[in-house]
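Its first residue numbered 823, the sequence shown is counted upward by one per residue in my numbering. The structure under discussion appears below in the form of structure tokens.
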Amino acid sequence: MAEAQGRVIGGVTVPLPRETATDVAALRGDPSFAALRAELAEVTRRTVPV
């Protein structure tokens with residue numbers, strides 16, 4: 823599998839899937855994905871003005 827490109831947000835590299843068949847719904851149940859989402863939400867709250 824080719825290495826996916828990613829984006830670094832708040833020190834976290836977020837992979838950007840190249841395949842359109844990525845099952846995001848299946849990822850939502852994964853504990854590590856939930857932890858990543860929580861961390862990204864926290865970084866977003868601290869850095870994005872509302």
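Backbone N, C-alpha and C define an ideal beta-carbon position, used for all residues, glycine too. Being a predicted model, the structure only gives us computed values, none of them experimental.
Asked	Found
CB of V870 within 7 Å of CB of G832, strictly	no
Where P837 falls: helix, strand or coil (DSSP)	strand
Any non-hydrogen atom of the ligand GDP closer than 6 Å to A856 Cβ	Among the ligands in the structure shown, none appear at all, so the ligand GDP cannot be discussed.
Three-state secondary structure (DSSP) of V870	coil
CB of V836 within 7 Å of CB of E861, strictly	no
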